[in-house]
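Heads up, the thing below is written out as C-alpha cells.
Protein chains: 2
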Amino acid sequence: MKAEIIAVGTEILLGQIVNSNASFLARQFADLGIDSLNQQVVGDNPQRLAAAIQLAASRADLVVLIGGLGPTADDISKQVLAKHLGVDLANDEPARVKLAAYAKQQQKQMTPNNWVQAQLPAGAQPLMNRVGLAVGAVAKTATHQYVLLPGPPKEFQPMVLEQLVPYLAAEIGDAPILESEVLRFFGIGESALVTALQDLIERQTNPTLATYIKDWEVTLRITAKAADHAAAQNLIAATEAAIQARVGEYFYGYGDDNSLAQEVVKALKATQTTLTAAESLTAGAFQSALGAVAGVSEWFKGGFVTYSNQTKADFLGLDKRQIDADGAVSAATAKAMAVGAQQKTHAKIAVSFTGVAGPGPSEGQAAGTVWIGLVQASQAPTATLLHLPGSRQDVRGRAVKAGLFAVLKALQNK
Amino acid sequence: MKAEIIAVGTEILLGQIVNSNASFLARQFADLGIDSLNQQVVGDNPQRLAAAIQLAASRADLVVLIGGLGPTADDISKQVLAKHLGVDLANDEPARVKLAAYAKQQQKQMTPNNWVQAQLPAGAQPLMNRVGLAVGAVAKTATHQYVLLPGPPKEFQPMVLEQLVPYLAAEIGDAPILESEVLRFFGIGESALVTALQDLIERQTNPTLATYIKDWEVTLRITAKAADHAAAQNLIAATEAAIQARVGEYFYGYGDDNSLAQEVVKALKATQTTLTAAESLTAGAFQSALGAVAGVSEWFKGGFVTYSNQTKADFLGLDKRQIDADGAVSAATAKAMAVGAQQKTHAKIAVSFTGVAGPGPSEGQAAGTVWIGLVQASQAPTATLLHLPGSRQDVRGRAVKAGLFAVLKALQNK
C-alpha cells in the first residue's frame, strides 16, 4: 500500500500553523509498513484541491485528506472528494443526531453549512469523531482508498489511533492486529540507547522499534503485527524483556501519555509517602512538575524555593555561616537543605536542588554543576553530583527530571 | 511572485521530524506578500525530487528546496536542481575555505561527498551558512528563481532571515527594506484582539499585521515595506500608535524572544524591587518562570509552595483556623498569603496564588477559580478573582501569566 497525505488549509500555506498532523499520520503509516513517497499541502481552493487529489491518486492507492471538514465556507474537502468520486454527499445518521443534540444544548441556530459536518461521500464508511462534530470517512473504490480526517489535532489524533489505524491494519490483511507499547527512559541519551540496542534495531522486522527524544527523555515504541492480541502481546513481551535486560536501569514507565511526575505521584500513593522539596537553581520547577498531576496534593503539601543562602537558612532552619563555609553548591548544603525541608514539613521524603543553572559559572563552579539531595524517613541523607549539558533551560529541566527519577527509584526500592 | 516550498527528506515522510521549516518559511513569504499555493514533501530520491521540481516550476516562479545539502549519499538536492537547470556544480570559494579549515581543525579525512557541501549550481548566487558547512544558493533563470536551503533549523532559520528575506524583498523591487516589530499582549484573546483591530487588519497593505497565539499570549507582528529604515520605522510607529490606543492595556513588551517573566525581571531591576511568592495551585510554576531568567536571583531570593492549609499556616505564619474559616480559595486567604510571604522574606512585593486547578471542582468552587493576591511595600494587599478556562495545565499556565502581568503593571505604576 502506498499512501499520500494531503493537508488542506490556507493557514498551513501562510505558516500560521505547523503541519504536525502529517507528521503524526506518517509515523503511523511507517509503523504499519505503509509506504509514503510524497506529501502535499494545498489551500482551501476547490480547483487546486481537486488537482491535488488527482495527482495523489496517480501515484498512491491510499489518499488521505486532512482538514477542511468544519462548518465554514472554507471547508471543502468532502465536497471536492465526493466530486472526484462522482458521488453525492449523504447523511451519517449518528453524526447528524449528535449535531442536532449539540445545536439544541447550545440553543444555536444551525446554518446549512453546519449540517454538512454530519455528511460524507455516499457509500463511504464513517469514522466517528469522539471529540468534535465533523465526521470522518473512508471511501473505497476498486483501485483506491480515500480518507477524510478532521484538522484539529484533538479530533484528528484519536480518530487516527482508534479507527483509521485498526482499519488499515485489517485492510493490510496478513496482520489483522497491530499493537504497540511505549517504554520511557530517563538518564540515557538517544544515541547511547540506540547503541545498546544496535543489533535488536538492525534486525527488527516484527516487532519494529522506534526511538524518539523529547524533553530530555527517550521513548522507545515496540510495534508488533500478529494474528491476534495474545500473539502481539507475546511478541512485544519478548522484545521488551531483551530491552529491559540491557537498559532497564533507565526505564521508568509505559505509555505515550505518561511522565516521570505521574509515575512519582503513583509511587507516592502506592507507598503512602508524603514528599517535600527545597529548590535553588530549579526555583520551583520540580514542585510545579508534581503540581501538574491531579491528586498530588494528598502527598505533597508544600515546599520551598531557596535561591539565596539567607532563604536557605531562614526557610529551612540551616546555619547560614555553615552554608557560606560549605558553599551553596555542595554535597553538604544539598543534604542540609533536604533534611531541613523534611524537618519543617514532616514529610517522609525530601529532595533538594542546588547548582549552577548558567549561563556561565558561579562561585567558581561551571554551569551545569548540580547537587541533588535526598532524605527518606530517618535514614542518612544522600547527595548526588550531576554535570548537566546545555542551556540554562536545559540544565534546569534535566535537573528536575533527575530529581523525579531519583525519588522514583528511592520509592521503588522501599 | 508565487512560491512553492519543497521539503526534501525521507525522515519527514516517515514522520520522524515535523516539517516546521516549511511553516517558518511560509510565514516569511506571507509577510513579504509572496503567494504560496502549494507545498510538497518528497523523499531523498532523485527521480521523485526531479518530478517535484518540474511540477513546482509549472505553477510557481519561486521554487524553494529545503534540506538535502549535507555530506551523505542521501543528500541530493543541489545535484538534482543542477540537472534541472542543465548546469554543473561549481565550488563556492568561501564555503570551500571554511570546509577545509573545519577539516583541518577536526583532523578529519574528508570524503568527496563532504566537499559537495561547498558547491552550488554553476551561476547561482551563494547564501552563506553562518552556522553550518553546507552553502545555500539562489539560482535565477529568465522565468524562475530556485533556492537551496539547509534542513537543520539552526542553519536554516538564520539563512532565511538574514539572507533570503532581504534578497527577496529587494527582488520584489518596490520595497528594498522590510522591517517588522512584534508586540506582545496578555489578557486578551486572539479573536478579541482581531475584533478590536478589525478595520486595521482588513485594510492592511503596508504595514501588514499578523497575529499568533501561543502559551496563552497573543503576539502581533507589524511588517512594513519602505525605501529605507527611517521610512519603515515611521510606518511601524504610526500603526503601533493606532494599535496601542485600542489595546494598549494588554500590551506588555516587544520582540520574538521575550516573555512576561523577562519583562518582570527587567522591571524589578529598574525599580530595585525584590519579590517573593506563595503558590498554591501553581505549585512553584510562577517562581520557576522567574528562575528561567538569568540574573533574577538578585531580585528574587526565595518563596513558598503552600498546597495545604497547614503549610499555608506553617510557612507563612497564618492562622490555620482563619484559613479554614475563610476557605483556601478566597480573597482573604490570597491577601493573607501575600502578606505572610512578604513578612517572612522582607521582599518589597509579594504575590500569591490560590485556586482550583481542576479537573473538577474543589471545596464547592469550579475548576478555574483563581485568586491572585498582591502586596507592595506597606500598602494594603489586594486580591483579584479570575475564572480561567481550559484544562488543569491551562488553568495553572494562565494563572502564572496573570500573576506576572499583575506584578509588571504594579511595578510600572510605581
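Protein chains in written order, with the UniProt record's numbering: chain A, 1 to 414; chain B, 1 to 414.
All C-beta atoms in this analysis are idealised placements derived from N, C-alpha and C, irrespective of residue type, glycine included.
(message) Please list, in chain order, the chain B residues whose beta carbon lies closer than 8 Å to that of Gln40 (chain A).
(response) Along the first sequence, one-based indexing puts residue 40 (chain A) at 40. Under the 8 Å cutoff, chain B gives Asn38, Gln39, Gln40 and Val41.
(request) Check whether the Cβ of Pro359 (chain A) lies closer than 8 Å to any Cβ atom in chain B. (result) Residue numbering aside, residue 359 (chain A) sits at position 359 when the first sequence is read from its first letter. Chain B, which has a Cβ nearer than 8 Å to the Cβ of Pro359 (chain A), makes this yes.
(request) Note the first and the last residue of the continuous beta strand (DSSP E) segment covering His84 (chain B). (result) As a first step, residue 84 (chain B) is located in the second sequence; it is residue number 84 there, counting from the start. Taken as a continuous stretch (DSSP letters only), His84 (chain B) belongs to no beta strand (DSSP E), being part of the alpha helix (DSSP H) at Ser77 to Leu85.
(request) Evaluate Asp88 (chain A) with the Cβ neighbour count: other Cβ atoms within 10 Å of its Cβ, from every protein chain shown; 16 or more gives buried, anything less gives exposed. (result) As a first step, residue 88 (chain A) must be located in the first sequence, where it is residue number 88. Its Cβ having fewer than 16 others within 10 Å, Asp88 (chain A) is exposed.
(message) Bridge partners for Thr211 (chain A) per DSSP, in chain order?
(response) On the first sequence, residue 211 (chain A) is found 211 positions in, with the first residue counted as 1. Its beta-bridge partners are A:Leu220.
(message) Using C-beta distances below 6 Å, list every residue in its chain close to Glu4 (chain B), excluding the 5 sequence neighbours before and after it, in chain order.
(response) Position 4 of the second sequence, counted from the start, is the residue given in the question as residue 4 (chain B). Cβ neighbours of Glu4 (chain B) within its own chain (closer than 6 Å, five residues either side excluded): Asn38, Ala56, Ala60 and Val63.
(message) By DSSP's criteria, Arg184 (chain A) is part of a beta bridge. Which residues make up the other side?
(response) If you number the first sequence from 1, residue 184 (chain A) lands on position 184. Bridge partners of Arg184 (chain A): A:Thr219 and A:Gly253.
(request) Let me know the secondary structure DSSP gives Gly136 (chain A) once reduced to three states. (result) On the first sequence, residue 136 (chain A) is found 136 positions in, with the first residue counted as 1. Gly136 (chain A): strand per DSSP, three-state reduction.
(message) With distance defined between alpha-carbon atoms, name the residue in B:Pro381, B:Glu363, B:Pro359 and B:Trp371 nearest to Ala350 (chain B).
(response) Your numbering for residue 350 (chain B) matches position 350 in the second sequence. For Ala350 (chain B), the nearest C-alpha among the options comes from B:Pro381.
(request) Answer with buried or exposed for Ile12 (chain B), where buried requires no fewer than 16 other C-beta atoms within 10 angstroms of its C-beta. (result) What you label residue 12 (chain B) is simply residue 12 of the second sequence in a count that begins at 1. With 16 or more other Cβ atoms within 10 Å, it is buried.
(request) Report all residues from its chain with a CB closer than 6 Å to the CB of Gln119 (chain A); omit the five preceding and five following residues, and keep chain order. (result) Taking the first residue of the first sequence as position 1, residue 119 (chain A) is located at position 119. Listed in chain order, the non-local C-beta contacts of Gln119 (chain A) below 6 Å within the same chain comprise Leu89 and Asn91, local neighbours out to five positions each way being set aside.
(request) Output the boundary residues of the alpha helix (DSSP H) element that contains Glu263 (chain A). (result) Residue 263 (chain A) sits at position 263 when you count from the first residue of the first sequence. Its alpha helix (DSSP H) spans residues Leu260 to Ala270.
(request) Below 8 Å on the Cβ atoms is my guess for Met159 (chain B) versus Asn114 (chain B); work out the distance and round it to an integer in Å. (result) Sequence index remark: in the second sequence, residue 159 (chain B) carries index 159 (1-based). Sequence index remark: in the second sequence, residue 114 (chain B) carries index 114 (1-based). The C-beta separation of Met159 (chain B) from Asn114 (chain B) comes to about 20 Å, leaving the pair out of contact by the 8 Å criterion.
(message) Tell me which residues of the segment 297 to 311 of chain B have at least one Cβ-Cβ distance to chain A shorter than 8 Å, keeping chain order.
(response) Taking 8 Å as the Cβ-Cβ cut-off, the segment 297 to 311 of chain B approaches chain A at Ser297, Phe300, Lys301, Gly302, Gly303, Phe304, Val305, Thr306, Tyr307, Ser308, Gln310 and Thr311, given in chain order.
(message) If I follow the unbroken beta strand (DSSP E) through Val370 (chain B), where does it start and stop?
(response) The residue you call residue 370 (chain B) lines up with position 370 of the second sequence. Its beta strand (DSSP E) spans residues Thr369 to Gln376.
(message) For Leu281 (chain A) and Val356 (chain A), which I take to be in contact (beta-carbon distance under 8 Å), what is that distance rounded to the nearest angstrom?
(response) Counting from one through the first sequence, the residue named residue 281 (chain A) turns up at place 281. Counting from one through the first sequence, the residue named residue 356 (chain A) turns up at place 356. Going by Cβ atoms, the distance from Leu281 (chain A) to Val356 (chain A) rounds to 7 Å, so yes, they are a contact pair.
(message) Taking DSSP's pairing of strands, which residues face Glu4 (chain A) in a bridge?
(response) Locating residue 4 (chain A) in the first sequence gives position 4, where the first residue counts as 1. DSSP lists A:Asn38 and A:Val63 as partners of Glu4 (chain A).
(message) What does the alpha-carbon distance come out to for the pair Thr205 (chain B) and Pro71 (chain B)?
(response) Start at 1 with the first residue of the second sequence, and residue 205 (chain B) comes out as number 205. Start at 1 with the first residue of the second sequence, and residue 71 (chain B) comes out as number 71. Each residue's Cα considered, the two are about 43 Å apart.
(request) Tell me, please, whether the CB atom of Gln198 (chain A) is closer than 8 Å to any CB atom in chain B? (result) As a position in the first sequence, residue 198 (chain A) is number 198, starting the count at 1. With 8 Å as the cut-off, Gln198 (chain A) does not count as an interface residue toward chain B.
(request) Give me the Cα-Cα distance between Ala383 (chain A) and Ile188 (chain A), rounded to the nearest whole angstrom. (result) Position 383 of the first sequence holds residue 383 (chain A). Position 188 of the first sequence holds residue 188 (chain A). Computed Cα separation, rounded: 20 Å.
(message) Is there a C-beta anywhere in chain A that falls below 8 Å from the one on Leu290 (chain B)?
(response) By 1-based counting over the second sequence, the position of residue 290 (chain B) is 290. For Leu290 (chain B), the answer is yes, since a Cβ of chain A falls inside 8 Å of its Cβ.
(message) Is there a C-beta anywhere in chain B that falls below 8 Å from the one on Ala294 (chain A)?
(response) The residue given as residue 294 (chain A) occupies position 294 in the first sequence. Output row for Ala294 (chain A): interface = yes.
(request) Along the alpha helix (DSSP H) that carries Pro361 (chain A), what are the first and last residues, could you check? (result) Here the question's residue 361 (chain A) lines up with position 361 in the first sequence. First-last for Pro361 (chain A): undefined, no H or E at that position.
(request) Taking 8 Å as the cut-off, decide whether the C-beta atoms of Leu411 (chain B) and Leu268 (chain B) are in contact. (result) Indexing the second sequence from 1 puts residue 411 (chain B) at position 411. Indexing the second sequence from 1 puts residue 268 (chain B) at position 268. Contact: yes.
(message) For a cutoff of 8 Å on Cβ pairs, would you count Thr345 (chain A) as touching chain B?
(response) Start at 1 with the first residue of the first sequence, and residue 345 (chain A) comes out as number 345. Thr345 (chain A) counts as touching chain B.
(request) Could you tell me the distance, in whole angstroms, from the CA atom of Val138 (chain B) to the CA atom of Lys266 (chain B)? (result) Indexing the second sequence from 1 puts residue 138 (chain B) at position 138. Indexing the second sequence from 1 puts residue 266 (chain B) at position 266. C-alpha separation (whole angstroms): 42 Å.
(message) Measuring CB atoms only, is the segment 294 to 311 of chain B touching the segment 288 to 308 of chain A, in the sense that at least three cross pairs come out at less than 8 Å?
(response) As far as the Cβ criterion goes, the segment 294 to 311 of chain B touches the segment 288 to 308 of chain A, which means the pair count is three or higher.
(message) So Ala57 (chain A) contacts chain B; which residues on that side make the cut at Cβ distance below 9 Å?
(response) Walking along the first sequence from the start, residue 57 (chain A) turns up at place 57. In chain order: nothing, as chain B lies at least about 15 Å away.
(message) Tell me the rounded alpha-carbon separation between Lys409 (chain A) and Gly295 (chain A).
(response) The count along the first sequence starts at 1 and reaches residue 409 (chain A) at position 409. The count along the first sequence starts at 1 and reaches residue 295 (chain A) at position 295. Cα to Cα, Lys409 (chain A) sits roughly 21 Å from Gly295 (chain A).
(request) Measure the alpha-carbon distance for Leu386 (chain A) versus His229 (chain B) and round it to whole angstroms. (result) As a first step, residue 386 (chain A) is located in the first sequence; it is residue number 386 there, counting from the start. As a first step, residue 229 (chain B) is located in the second sequence; it is residue number 229 there, counting from the start. C-alpha separation (whole angstroms): 49 Å.
(message) Taking 8 Å as the threshold (beta carbon to beta carbon), is Gln287 (chain B) in contact with chain A?
(response) To locate residue 287 (chain B), count along the second sequence from 1; it is residue 287. With 8 Å as the cut-off, Gln287 (chain B) counts as an interface residue toward chain A.
(request) Note down, in chain order, every chain A residue with its Cβ under 9 Å from the Cβ of Gln393 (chain B). (result) As a first step, residue 393 (chain B) must be located in the second sequence, where it is residue number 393. Chain A residues near Gln393 (chain B): Ala292.
(request) Express the C-alpha separation of Phe286 (chain A) and Asp314 (chain B) in angstroms, rounding to a whole number. (result) Walking along the second sequence from the start, residue 314 (chain B) turns up at place 314. Walking along the first sequence from the start, residue 286 (chain A) turns up at place 286. Taking the straight line joining both Cα atoms gives about 21 Å.
(request) Under the assumption that Val329 (chain A) contacts Leu290 (chain A) (Cβ atoms under 8 Å), give the Cβ distance between them as a whole number of angstroms. (result) Along the first sequence, one-based indexing puts residue 329 (chain A) at 329. Along the first sequence, one-based indexing puts residue 290 (chain A) at 290. In this structure Val329 (chain A) does not touch Leu290 (chain A) by the C-beta definition: roughly 23 Å separates them, more than the 8 Å allowed.
(message) For the segment 10 to 37 of chain B, list every residue whose C-beta sits within 8 Å of some C-beta in chain A, in sequence order.
(response) Those would be Ile12, Leu13, Leu14, Gly15, Gln16, Ile17, Val18, Asn19, Ser20, Ala22, Ser23, Phe24, Leu25, Ala26, Arg27, Gln28, Phe29, Ala30, Ser36 and Leu37, in chain order.
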